[in-house]
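This report concerns only the one structure given below.
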Amino acid sequence: MKIVCVGGGPGALYFAIAAKRRDAGHDITVIERDPPGATYGWGVGYGDDLLDHLYRNDPDSAQAVRAASALWQDQEVRRGEQTAYLGRYGYSIARATLLDILTRRATELGVDVQHRRKVDDLAELADADLIVACDGANSRVRQVHGDHFGTRLEAGRNPYIWLGTDKVFSRFTFAFEPTPAGWIWFYAYPSSAEISTCVVECAPETWRGLGLDTLDTADGVRLLEQIFASALDGHALLGQSRGEAARWQHFTEVRNATWCHDNVVLLGDAAHTTHYTLGSGTRLALLDAIELAHSLYTEAELPAALQAYDKRRRAALHPVQAAARTSMAWFEHLDHYLERDLVDFAYAMSVRQGAQAPWHYQLHRATQVPVLRGVRREANRGLRRYLALRRGEMALGTGSVTRRATTTAALAAPAGHQQ
1 MKIVCVGGGP GALYFAIAAK RRDAGHDITV IERDPPGATY GWGVGYGDDL LDHLYRNDPD
61 SAQAVRAASA LWQDQEVRRG EQTAYLGRYG YSIARATLLD ILTRRATELG VDVQHRRKVD
121 DLAELADADL IVACDGANSR VRQVHGDHFG TRLEAGRNPY IWLGTDKVFS RFTFAFEPTP
181 AGWIWFYAYP SSAEISTCVV ECAPETWRGL GLDTLDTADG VRLLEQIFAS ALDGHALLGQ
241 SRGEAARWQH FTEVRNATWC HDNVVLLGDA AHTTHYTLGS GTRLALLDAI ELAHSLYTEA
301 ELPAALQAYD KRRRAALHPV QAAARTSMAW FEHLDHYLER DLVDFAYAMS VRQGAQAPWH
361 YQLHRATQVP VLRGVRREAN RGLRRYLALR RGEMALGTGS VTRRATTTAA LAAPAGHQQ
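Position 356, counted from 1, in the sequence shown is what the UniProt record's numbering calls 356; the numbers after and before it change by one each time, with no gaps.
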């Protein structure tokens, strides 16, 4: 099959990898308008569940992603000089590094990755059997087809800006700071050994009151450095990586009634977006990629494959987008919670997507004690090791990385299923 992916983000590249791994006969081209290395944003966060999928689909790229990723342990909630702690751990990788890894792997498998090419007219792609729209939330490919996808867009209330910092956080950190114009906060996590991602958000009234709506990027970043000087330990905020300068924006939720029309299929942000406080955008795009490759491999005809992909992934996305809307609304009404005791505030933030059993709260209170927090960290370390062994990431007893063979049957398993 001749397949063209419009857009060269992680979802497009991983679909090309997953499809080529299942059927090397596919002729796949990935078209990206920007030059190599140009990307928005800083880091991409993910968990063990995504690593399981990556190792099952392509151990080579999974190994490279894990090796280039940073590990964060625990979550820290700061309000001024007060601190509370939450459990969990996760991984993160610089977005530019992830793109480099996936581009190299796709090229190794015979994918034609073209940079600095913009698709102005879909007639250019008339000879393609399948067009995969991976061109983001403002997808041009999706817009060309008018109302066929049943697209709904809904803007969030709070402005945010995606920055970097040269402070390397060991924990996923939430920092809330009062200002004369209202509260402002950031979410920060390590992206690499030298850089962390730092997403700053506030209410629109605070944004305007601080003058952030009129300051240029450089002056705005300097103001944010002053506000968050304590949480950043005096480190700098970075307003530009390998792409354009960072800018304030409002999150837009994208929903579509269907993800396929004729021989065009939507993937990643072109199909759906989830609020950044859920931290699932790239993960969901990669799962879309796996599912689409699986459907093309297992269905005899293209229309059936696209319908199967559409049905399964939209069903999987429905509860995720609902949870993301709840999370977004919680932060848009943050002033309702910030006057609480910090430990209680941190717990409310951690359960904002739904109530938990009472013992969760008792565990949360107990693990504010350093000794008990250390016990939880050791338990998480054991869990990480077990999961790494199970997916073949580490050789038993050595910690060395291995390459586990992936069977055709395992590759045929859709996202969310294991053989």
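Even for Gly, the Cβ is constructed at its ideal location relative to N, Cα and C.
- As summarised for the region 244 to 319, the continuous alpha helix (DSSP H) elements at least 4 residues long and confined to that stretch are 281 to 298, given in chain order.
- If you draw a straight line from the Cα of residue 299 to the Cα of residue 290, it is about 14 Å long.
- The beta carbons of residue 177 and residue 80 sit about 7 Å from each other, so the pair counts as a contact at 8 Å.
- Look at residue 86 here: in three-state DSSP terms it is strand.
- Under the three-pair Cβ rule at 8 Å, the region 185 to 204 does not count as touching the region 357 to 366.
- The alpha helix (DSSP H) runs of length 4 or more contained entirely in the region 119 to 184 are, from start to end of the chain, 140 to 144.
- When the beta-carbon positions are compared, residue 238 and residue 225 stay at least 8 Å from each other.
- The DSSP-derived three-state label of residue 112 is strand.
- Beyond the five residues adjoining it in sequence on each side, residue 286 comes within less than 8 Å, by CB distance, of 10, 11, 14, 50, 53, 54 in the same chain, given in chain order.
- Leaving aside the five residues that flank residue 129 on each side, the residues in its chain whose CB is nearer than 8 Å to its CB run, in chain order, 1, 2, 3, 263, 302.
- The Cβ atoms of residue 43 and residue 92 sit closer than 8 Å to each other.
- When DSSP states are grouped into helix, strand and coil, residue 17 belongs to the helix group.
- DSSP places residue 78 in the uninterrupted beta strand (DSSP E) bounded by 70 to 79.
- Separation of residue 326 and residue 274 (C-alpha to C-alpha, rounded to the nearest whole angstrom) is 11 Å.
- About 5 Å separates the beta carbon of residue 6 from that of residue 119, a gap short enough to meet the 8 Å contact definition.
- The Cβ-Cβ distance between residue 221 and residue 280 does not fall below 8 Å.
- Counting only the Cα atoms, residue 69 lies some 14 Å from residue 282.
- At a Cβ-Cβ threshold of 8 Å, residue 314 and residue 288 do not count as neighbours.
- Taking 8 Å as the cut-off, the Cβ atoms of residue 115 and residue 244 do not count as close.
- In the DSSP annotation of this structure, residue 213 is not part of any beta strand (DSSP E), being labelled neither H nor E.
- Residue range 27 to 31 is occupied by the beta strand (DSSP E) that includes residue 29.
- Annotated three-state conformation of residue 35 is coil, per DSSP.
- Only residues of its own chain outside the window of five on either side were considered, and among them 175, 231 have a CB closer than 6 Å to the CB of residue 78, listed in chain order.
- The way I'd put it, the region 94 to 112 does touch the region 56 to 63; three or more beta-carbon pairs between them come closer than 8 Å.
- Below 8 Å, enough C-beta pairs join the region 147 to 156 and the region 242 to 261 to call them touching: three or more.
- Counting only residues of its own chain and dropping the five nearest sequence neighbours on each side, residue 72 has a CB closer than 8 Å to the CB of 89, 90, 91, 92, 169, 170, 171, 172, 189, 190.
- Take residue 204, set aside five residues on each side of it, and the residues of its chain with a beta-carbon closer than 8 Å to its own are 157, 158, 159, in chain order.
- In the three-state reduction of the DSSP assignment, residue 337 falls in the coil class.
- The straight-line gap separating the alpha-carbon atoms of residue 294 and residue 183 is approximately 46 Å.
- In the DSSP assignment, residue 374 falls outside any beta strand (DSSP E) and lies within the alpha helix (DSSP H) extending over 370 to 390.
- According to the DSSP assignment, residue 7 belongs to no beta strand (DSSP E), since it is labelled neither H nor E.
- Its chain contains 366 as the residues whose beta carbon lies nearer than 8 Å to that of residue 372, once the 5 sequence neighbours on both sides are disregarded; these appear in chain order.
- With respect to residue 267, residue 137 sits apart: the two C-beta atoms are not nearer than 8 Å.
- By the CB criterion at 8 Å, residue 309 and residue 265 fall inside the cutoff.
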